[in-house]
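Student:
Residue numbers (this note's numbering): 394 to 579.
And the structure:
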């Protein structure tokens, strides 16, 4: 595996961006929980479904329109088409980018709609939708650790890449290389 360029070293920034977006989205999730009601399993699934739809709509709109979510913008990241550094991916590719998460969420909701069962010796009550989705998300994101451009499964599906858009300075090791690549594109 070759040297990974700075603009592709985004894993820590992506984690920070996800945390920021989660904090921003927390009030929406709390409101959905308050609307769900107590003890009714159907309303809990409805609440989870509404949260997933709203979060997906937020991500699709922000990535499709701007190339970033609020968290990515704060972390100096931008989602572009693979091989390009300008422009946005559009709403269609942004939706494609969210399909793995939607698939995981739907799969988990279908599995949890059956009678609760214990898995690996853990009581059924300890298995939450969020925990399982996070586990499946680690598989999705784990691919990025081995890809030279740090593209996760959802990036590969959509043909997108997440780039560090921090401005290069003259003392950065890749400064000349970036200037040369920019000149070749002109």
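Idealized CB from N, CA, C, for every residue including glycine.
(1) By how many angstroms is the C-alpha of residue 534 removed from the C-alpha of residue 495?
(2) How about residue 415 and residue 453: are their beta carbons less than 8 Å apart?
(3) Based on DSSP bridge pairs, tell me the residues matched to residue 554.
(4) Pull up the distance between the alpha-carbon of residue 467 and that of residue 459, whole angstroms please.
(5) Helix, strand or coil: how does DSSP classify residue 464 here?
(6) Go ahead and pull the three-state DSSP assignment for residue 574.
(7) Could you name the residues of the same chain whose beta carbon sits closer than 6 Å to that of residue 401, not counting the 5 residues immediately before and after it, in chain order?
(8) So residue 489 and residue 410 are supposed to be a Cβ contact under 8 Å. How far apart are they, rounded?
(9) Tell whether a beta-carbon distance below 8 Å holds between residue 473 and residue 549.
(10) Using only CA atoms, which one of 399, 404, 398 lies nearest to residue 538?
(11) Leaving aside the five residues before and after residue 532 along the sequence, list all residues of the same chain whose C-beta is less than 8 Å from its C-beta, in chain order.
Tutor: In short, the structure shows the following:
(1) Taking the straight line from one Cα to the other gives about 15 Å.
(2) In this structure, residue 453 does not lie closer than 8 Å to residue 415 by Cβ.
(3) According to the DSSP secondary-structure assignment, residue 554 is paired through a beta bridge with 473.
(4) So the two alpha carbons sit approximately 13 Å from each other.
(5) The answer is helix: DSSP assigns residue 464 an H, G or I state.
(6) Residue 574: helix per DSSP, three-state reduction.
(7) 542, 543.
(8) Your pair residue 489 and residue 410 does not check out as a contact, with CB atoms roughly 19 Å apart and the cut at 8 Å.
(9) Contact annotation: residue 473 and residue 549 have beta-carbon atoms that are not nearer than 8 Å.
(10) Closest in C-alpha terms to residue 538, from the list 399, 404, 398, comes 404.
(11) The beta carbon of residue 532 sits closer than 8 Å to those of 546, all from its chain and outside the five residues before and after it, given in chain order.
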